[in-house]
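Residue numbers (my numbering): 19 to 219.
Ideal Cβ positions, reconstructed from N, Cα and C, are used throughout, including at glycine.
Step one of this worksheet: look at the structure below.
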Amino acid sequence: MKVRAAELLKSCSKPDQFPETGLLEVAFLGRSNVGKSSLLNALVHRKRLARTSSTPGKTRLITFFRVEVGSVELLLADLPGYGWAKVSQKERASWQHLVESYLEDRPPLRVAILLQDLRRDFSDDETLLLEWLAEREVPALVALTKIDKLKPMRRAERVRKLKKSFDGPALDFVATSSQSGQGVEDLWRAIYRRLSAEAGE
Ligand SMILES: Nc1nc2c(ncn2[C@@H]2O[C@H](COP(=O)(O)OP(=O)(O)OP(=O)(O)O)[C@@H](O)[C@H]2O)c(=O)[nH]1
Ligand SMILES: [Mg+2]
Numbered sequence: 019m020k021v022r023a024a025e026l027l028k029s030c031s032k033p034d035q036f037p038e039t040g041l042l043e044v045a046f047l048g049r050s051n052v053g054k055s056s057l058l059n060a061l062v063h064r065k066r067l068a069r070t071s072s073t074p075g076k077t078r079l080i081t082f083f084r085v086e087v088g089s090v091e092l093l094l095a096d097l098p099g100y101g102w103a104k105v106s107q108k109e110r111a112s113w114q115h116l117v118e119s120y121l122e123d124r125p126p127l128r129v130a131i132l133l134q135d136l137r138r139d140f141s142d143d144e145t146l147l148l149e150w151l152a153e154r155e156v157p158a159l160v161a162l163t164k165i166d167k168l169k170p171m172r173r174a175e176r177v178r179k180l181k182k183s184f185d186g187p188a189l190d191f192v193a194t195s196s197q198s199g200q201g202v203e204d205l206w207r208a209i210y211r212r213l214s215a216e217a218g219e
């Protein structure tokens, strides 16, 4: 996908700061350190647009990026990850409030991408999040991340296992690596399919 422009629009710590641009939005959700910021960067072919870190829990704000891809202009929302152990109750509550407010009431949100490390099994967090999105009728897709960490045979085996373990509504699963770039174009295609399915409704 030809990315013609990508820029950081705004980082928000509170719902009343969320941008109102009239553009459709794609959100990146998932456990801390799963690779949300890295995958966002890989999609727009920019190494350091969204901040990444090997220290889990780095992204504590919701950061919005404006991108022009092909003939479409979109916002990408990089959400803070859940599941980091070393945080206070207060910080956890503030994360929860920010993310829930976002998911509860964000009319421009058209696609929620739930990221899952290919080497890990789904936990209750992912299952609940997917159920929650389905209840609110937010179209979701699953991006399996860090596939470069496994050999191809093992990779295929894990993709099958994860798909099988998920018995919710039919979902697109896309296997990706931000490091090698594998699957990144497939993910764009899956996002586009969702966006055009919406437009056609
Ligand atoms: N090998 C490999 N490493 C990756 C890949 N994607 C991300 N990483 C690494 O995983 C770590 C976490 O990546 P981030 O993109 O910061 O993860 P995040 O989900 O945004 O994390 P939080 O912002 O803390 O929620 C970094 O050290 C990345 O370099 C990948 O596809 N392959
Ligand atoms: Mg991040």
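As assigned by DSSP and simplified to three states, the class of residue i
i: D190; result: coil
i: L58; result: helix
i: E86; result: strand
i: Q134; result: strand
i: E38; result: coil
i: R110; result: helix
i: D96; result: strand
i: L47; result: strand
i: L215; result: Rather than Leu, the amino acid found at residue 215 in this sequence is Ala. In this structure, A215 counts as helix in the three-state DSSP scheme.
N- and C-terminal bounds of the alpha helix (DSSP H) containing residue i
i: D143; result: 142-153
i: V156; result: Unbroken run through V156: none, as it is neither H nor E.
i: L180; result: 170-183
Whole-Å CB distance - residue i paired with residue j, under 8 Å assumed
i: I80; j: A95; result: 6 Å
i: F191; j: V202; result: Contact doesn't hold; Cβ gap of about 15 Å is too wide.
i: E25; j: R84; result: 5 Å
N- and C-terminal bounds of the beta strand (DSSP E) containing residue i
i: A23; result: 21-30
Beta-carbon spacing of residue i, residue j below 8 Å
i: K20; j: V87; result: yes
i: K167; j: R137; result: yes
i: A188; j: R173; result: no
Ligand 3 heavy atom lying under 7 Å from the CB of residue i
i: T73; result: Absent from the structure shown: ligand 3. Ligands present: ligand 1 and ligand 2.
Three or more C-beta pairs below 8 Å linking the region 31-50 and the region 78-92: Taking 8 Å as the limit for Cβ pairs, the verdict is that the region 78-92 does touch the region 31-50.
Inter-stretch contact at 8 Å, needing at least 3 Cβ pairs: the region 118-133 / the region 155-166: Touching, yes.
Segment contact, 8 Å Cβ cut-off, at least three pairs: the region 197-209 with the region 140-158: By the C-beta criterion, the region 197-209 is judged not to be in contact with the region 140-158, since fewer than 3 inter-stretch pairs fall below 8 Å.
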